[in-house]
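Under the UniProt record's numbering, think of the first position of the sequence shown as 1, with each following residue one higher. Ideal Cβ positions, reconstructed from N, Cα and C, are used throughout, including at glycine. Working notes, beginning with the structure itself.
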Amino acid sequence: MSTIAIAVNAAISAGAYLMTVRMIPRLRDMFIKANLFGRDLCKKDKPQVPESYGVIIGCVFLISMFLFIPIPFTFDENAATDAVTGGKPLTFPHDKFVELIAALLSICCMIFLGFADDVLDLRWRHKLLLPTIATLPLLMVYYVNYNSTTVMMPNFARALFGTSVNIGIFYYVFMGSLAVFCTNAINILAGINGLEVGQSLIIAGSVLLFNFIELSLGHQVESHQFSIHFMLPFLATSLALWKFNSLVYYHRWRRCLPLLRPVALSVYMLSNSIYYFY
1 MSTIAIAVNA AISAGAYLMT VRMIPRLRDM FIKANLFGRD LCKKDKPQVP ESYGVIIGCV
61 FLISMFLFIP IPFTFDENAA TDAVTGGKPL TFPHDKFVEL IAALLSICCM IFLGFADDVL
121 DLRWRHKLLL PTIATLPLLM VYYVNYNSTT VMMPNFARAL FGTSVNIGIF YYVFMGSLAV
181 FCTNAINILA GINGLEVGQS LIIAGSVLLF NFIELSLGHQ VESHQFSIHF MLPFLATSLA
241 LWKFNSLVYY HRWRRCLPLL RPVALSVYML SNSIYYFY
């Protein structure tokens, strides 16, 4: 485990939190001038409330991850080096690098599609396909690197189906559909201050706690470390959003953020090769 990479990621996440806290109030007038705002109908004066603020969170998250890209491969403890090559790694982890780039591509696509939905107000039959489309790059990398479609059965079903069942292509259908479910499960809680982003904080915090526990036990070190690299900036940016949205109706993030979260969680699930049904 590269503790240096995790420490650098934590430092970048702290910077992402501070950047988000500074940008949210400063960009308020910019969004209103761009006609990206609604009205708070619960107040007498019906003040203008900027919308599509999720794109700020998504951009800060992406910038943080882009800055972090070279760090885990620079301090990769498993990469052998040779003096002849000038200290360059002989066994560069191309599979992990492609997985990281594909994960960022999926998240970037989801932010773009979410912002397009905010501006163009797409119909629901189109919205249902957006999360699945955005996860296709990640699913393709999972297919190339792992292609494990085996599902471990719970104890009460093992007498009928055995210990595991290979469901083949239905595994990818399930993972693509799971992104759609996560999107709407989070978005359905919108409208209550702090509840929607609070759910993300609880999920991200739980995932991080699980990752660190597994790392301390030495289980799937690379996979859990990969998950931490995504969850720390995600938690930091969500925490900055919660600061402004926990009590006061300060802004609306519309579709960008609800579409970002399920893809971020899909990155976690696929990077850890989760194929269990509980």
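The beta carbon of S13 lies closer than 6 Å to those of L232, P233, A236 in the same chain, with the five residues before and after it left out. Judged by beta-carbon spacing, W242 lies within the 8 Å limit of G194, meaning their Cβ atoms are closer than that value. Residue burial annotation: H229 is buried, with at least 16 other C-beta atoms found within 10 angstroms of its C-beta.
The beta carbon of G162 lies closer than 8 Å to those of M153 in the same chain, with the five residues before and after it left out.
Taking a contact to require three or more Cβ pairs closer than 8 Å, the segment 142-153 and the segment 110-130 do not qualify as touching. Nearest neighbour of L239 by Cα position, chosen from L217, V141, I202, L129, turns out to be I202. DSSP places T20 inside the alpha helix (DSSP H), whose first and last residues are 3-26. Here F66 is not bridged, per DSSP, to any residue. In the structure shown, the three-state DSSP call for Q220 is coil. According to the DSSP assignment, P50 belongs to no alpha helix (DSSP H) but to the beta strand (DSSP E) extending over 48-50. Per DSSP, the unbroken beta strand (DSSP E) holding R39 starts and ends at 37-39. Around the beta carbon of P47, fewer than 16 other beta carbons sit within 10 angstroms, so the residue counts as exposed. Where M140 is concerned, the enclosing alpha helix (DSSP H) starts and stops at 130-145. Per DSSP, S106 lies in no beta strand (DSSP E) segment; the continuous alpha helix (DSSP H) that holds it begins and ends at 94-120. DSSP places A159 in the uninterrupted alpha helix (DSSP H) bounded by 158-161. Boundaries of the alpha helix (DSSP H) harbouring R125: 124-127, taken from the DSSP string. In this structure, D29 is the residue among D29, H126, T132 with its C-alpha nearest to the C-alpha of Y53. Sequence-distant partners of E99 (beyond 5 residues in either direction) whose C-beta falls short of 6 Å from its own C-beta, in its chain, are V141.
Per the C-alpha coordinates, the member of F115, F112, I69, A116 positioned closest to K96 is I69.
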